[in-house]
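For the sequence shown, this note's numbering gives the first residue as 86, with consecutive numbering after it. Quick reminder that beta carbons are idealized off the backbone N, C-alpha and C, glycines included.
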Amino acid sequence: MTAVPMAGFPGQVQAVVQRFRHVTRLHWQARVPSTNSVALDLARSGAPHGTFVLADRQEAGRGRHGRGWSSPPGVGLWMSWILRPPLPPDRAYLVTWAAAVAVAEAAARTAGLYAEIKWPNDVLVRGRKICGLLAEVASGGDALDFIVLGVGLNVNQAEADFPEAFRDRAASLRSASGHAVDRVLTLAAFLEAFEFEYDRLLRDGGEAVRRAWTERSCVIGRPITLRTGGGEFAARAVGVDPDGALLVERDGTVEAIHSAEVELLRLGEA
Ligand code: BTN
């Protein structure tokens, strides 16, 4: 990747992303409504594999299930990556899992934190969410066209910086570790861990990333509450199927859940 040098944080980002084969273009923005929306527009107009959108602030950051994502300036990594992997559409979820594993790895390397993954792809430290992932996929028939992989990683927010409604469930690398964390080093650690996972996913079809994701899962083997379109029920998570669906057992029957909100039951609640 060659580009005109930029100063400050964007310049440091530019220097870092140049080291990665799967970042081919950088779109730095001081503020955007949503990096996923920017990346979707770029992908639909033919932007190549590796186009990477990073913003200092999002004014309408998007989360799963139509929710918002708080994205204040200077404290987070709000990024969306256009990837065009040679995978069938029903295996696109493995790219998101690779990203969840890579975020957990980056949290360990830059903040010394042990992060867990809550199905389908929230990254938590001690039960609080430090990162959310929003993958938007386009495919034509049997072929995957692109994935926009959106990553919202809370780096340096103090607890009071989070909106009150989810202050007790959110954390940043700083609030969880007790010290400020370098955003650029965190980005570099994430990109390095992601490229490793992504390359091995393309080599082995997903076996290793499934193993790494499962080892980090804080859901499998646990009693949970599931909130689906059909209501709320208690179950035990027993595994994931080849499509990434969560396998849950209730009343002696195992069923595959494709979309739901998972709540972990605390000890004593089961
Ligand atoms: C979730 O947990 O609900 C997913 C949150 C995803 C947020 C990231 S921030 C960067 C990218 N741009 C967006 O608008 N959303 C994702």
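Take residue i and list the residues in its own chain whose beta-carbon comes closer than 7 Å to its own, dropping the five residues that flank it on each side.
i      : result
ALA191 : THR271, ALA274, PHE275 and ALA278
PHE247 : SER155 and ALA255
PHE105 : LEU276 and GLU280
ALA355 : Confidence at ALA355 is low in this model, with a pLDDT of 43, below 50, so its placement is unreliable and no value can be given for it.
ALA320 : ILE309, LEU311, VAL333, GLU334 and ARG335
GLU244 : ARG252 and SER260
GLY237 : GLY146, TRP154, SER156, GLY161, TRP163, CYS216 and GLY217
Who are the Cβ neighbours of residue i in its own chain at under 8 Å, not counting the five residues just before and after it?
i      : result
VAL108 : MET86, VAL102, GLY135, PHE137, TRP166 and LEU276
SER262 : ALA196, GLY197 and LEU198
PRO174 : VAL222, SER224, ASP227, ALA228 and LEU229
ARG326 : The residue asked about is misnamed: residue 326 is Asp in this sequence, not Arg. Same-chain partners within the cutoff: LEU332 and ALA341.
ALA345 : LEU311, ARG312, THR313 and LEU331
PHE318 : THR310, LEU311 and ARG335
GLY290 : ARG176
GLN362 : Only positions 86 to 355 of the chain appear in the structure, and residue 362 is not among them; the question remains open.
ARG149 : GLY217 and LEU219
Less than 8 Å between the CB atoms is what I'm expecting for residue i and residue j, so what's the real figure, rounded?
i      : j      : result
TRP163 : GLN143 : 5 Å
VAL294 : LEU179 : 6 Å
TRP204 : VAL339 : That belief does not hold up - the Cβ atoms of TRP204 and VAL339 are roughly 15 Å apart, past 8 Å.
GLU282 : ALA183 : 4 Å
THR313 : ILE342 : 7 Å
ALA193 : ARG301 : The pair is not a contact, with the Cβ atoms about 10 Å apart (cut-off 8 Å).
VAL186 : ALA297 : 5 Å
SER119 : ARG152 : About 12 Å separates the two Cβ atoms, so there is no contact after all.
PRO170 : LEU287 : 6 Å
VAL266 : ARG259 : 5 Å
Can you give me the start and stop residues for the alpha helix (DSSP H) that residue i sits inside?
i      : result
GLY324 : Per DSSP, GLY324 belongs to no alpha helix (DSSP H); it is in the beta strand (DSSP E), 316 to 325.
PRO308 : Here PRO308 belongs to no alpha helix (DSSP H); instead the beta strand (DSSP E) covers 308 to 313.
ALA356 : No information on residue 356 is available, as it lies outside the stretch 86 to 355 that the chain covers here.
GLU277 : 268 to 289
SER260 : 258 to 262
SER122 : 120 to 129
ALA191 : 178 to 196
GLY329 : Taken as a continuous stretch (DSSP letters only), GLY329 belongs to no alpha helix (DSSP H), as it is neither H nor E.
PHE406 : Given a span of 86 to 355 for the chain in the structure shown, any question on residue 406 remains unanswerable.
Which same chain residues end up closer than 6 Å to residue i when comparing Cβ atoms and leaving out the 5 residues on each side of it in sequence?
i      : result
THR181 : ASN206, LEU218 and ALA220
GLY353 : Because the pLDDT of GLY353 is 49, which lies under 50, any placement of that residue in the model is unreliable, and the question is left without a value.
GLY93  : none
ASP141 : ALA115 and PRO158
ASN239 : GLY161, ILE215 and SER257
SER130 : none
GLU359 : The chain is shown only over 86 to 355; residue 359 falls outside these bounds and no answer can be derived.
GLN242 : VAL160 and SER257
ILE232 : LEU168, ALA177, VAL180, ALA220 and VAL222
GLY235 : ASN121, SER165 and LEU219
THR172 : Before going further, note that residue 172 is Leu rather than Thr in the sequence given. Correct list, in chain order: LEU229.
GLU348 : THR310
GLY329 : TYR178
PRO133 : THR109
Based on DSSP bridge pairs, tell me the residues matched to residue i.
i      : result
ALA335 : Looking at the sequence shown, residue 335 is not Ala but Arg. Note: ARG335 sits in a beta bridge opposite THR338.
TRP166 : PHE137 and LEU234
GLY151 : According to DSSP, which records beta bridges pairwise, GLY151 is partnered with nothing at all.
LEU349 : ILE309
ASP207 : LYS203
GLY161 : ASN239
SER302 : ILE202
LEU229 : SER224
ALA255 : LYS214
ARG142 : ARG116
Can you tell me where the beta strand (DSSP E) holding residue i begins and where it ends?
i      : result
ASN241 : Where ASN241 is concerned, there is no enclosing beta strand (DSSP E), given that its DSSP letter is neither H nor E.
GLY225 : 213 to 225
For the ligand GTP, I want to know if residue i counts as a neighbour, meaning its beta carbon is within less than 7 Å of at least one of the ligand's heavy atoms.
i      : result
LEU350 : For the structure depicted, the ligand GTP is absent and the ligand set comprises only the ligand BTN.
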